[in-house]
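For the sequence shown, the working numbering gives the first residue as 18, with consecutive numbering after it.
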Amino acid sequence: KVLGFTDPIKMITTLPAIFSLSVEDNIKPKIDGLRVVGFTDPVKLIQRLPAILSYDLDRNIVGKIDNLRALGFTDPIKMITTLPAILALDLEGNIKPKIAGLKTLGFTDPIKLISRLPAILSYDINRNIGGKIDGLKTLGFTNPVGLITTLPAILALDLEGNIKPKLEMIGRASGSRSSA
Numbered sequence: 018k019v020l021g022f023t024d025p026i027k028m029i030t031t032l033p034a035i036f037s038l039s040v041e042d043n044i045k046p047k048i049d050g051l052r053v054v055g056f057t058d059p060v061k062l063i064q065r066l067p068a069i070l071s072y073d074l075d076r077n078i079v080g081k082i083d084n085l086r087a088l089g090f091t092d093p094i095k096m097i098t099t100l101p102a103i104l105a106l107d108l109e110g111n112i113k114p115k116i117a118g119l120k121t122l123g124f125t126d127p128i129k130l131i132s133r134l135p136a137i138l139s140y141d142i143n144r145n146i147g148g149k150i151d152g153l154k155t156l157g158f159t160n161p162v163g164l165i166t167t168l169p170a171i172l173a174l175d176l177e178g179n180i181k182p183k184l185e186m187i188g189r190a191s192g193s194r195s196s197a
């Protein structure tokens, strides 16, 4: 707790190897290194993904930031802060295929979309995103890709439990007979 970690028990439960790390030789330098790289709250970042303590700063973290920039992401630090698990994602096996999959679904700027909602990198392209597009079409939306581009957070909303009831409520409130 001296370093600012609020739940060290949870961290150790997630990454028992923390016991083998020296505070002075491993943990403090990692926190300092993350600050130098540009993370404003490295303690919070580590709390969210304790495995960061086992990552090589240059190869795994700076390398991932550089790779994300090379793909066209303008603020990889913000993306990683939002979704630290990005550091564990494989560039060739996950990130590039997600970008290609989004293009296949009709998104013209998948980099911008992912930048706005980094959690997209953890979604299944066909089931989660393709399924959401199909569901929105079923509800009567003529341009679901445009809707998702405008409001990426809609991907996290349940069609049956959230979107459809809201459409019905708005339809009733406006006097529309549509029961999309």
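The beta carbon of each residue, even a glycine, is placed where N, CA and C say it ideally should be. Bear in mind that the values here come from a model prediction, so they are computed numbers and not experimental data.
Taking all protein chains in view, the Cβ of ILE26 is surrounded by fewer than 16 other Cβ atoms within 10 Å, so the residue is classified as exposed. Between VAL54 and LEU20 a beta carbon distance of about 17 Å is seen, past the 8 Å cut, so the two are scored as non-contacting. Distance from the CA atom of LEU138 to the CA atom of ARG189, rounded to whole angstroms, is 36 Å. For SER132, the enclosing alpha helix (DSSP H) stretches over residues 127-133.
In this structure, DSSP gives LEU176 a helical state, which the three-state scheme calls helix. Here ILE187 is exposed, its C-beta having fewer than 16 other C-beta atoms within 10 Å. For SER39, the three-state secondary structure derived from DSSP is coil. Ranking ILE29, ALA68, LEU74 by CA distance to the CA of LYS47 puts LEU74 first. CA-CA distance, THR125 to ALA117, rounds to 10 Å. Between the C-alpha atoms of ALA34 and ASN43 there is a straight-line separation of about 12 Å. ILE171 is the residue among SER71, ILE171, ASN160 whose C-alpha sits nearest the C-alpha of TYR140. Proximity to ALA87 across LYS113, ASN160, TYR72 peaks at LYS113, based on C-alpha coordinates. Rounded to the nearest whole angstrom, the CA to CA distance from GLY157 to ASN111 is 32 Å.
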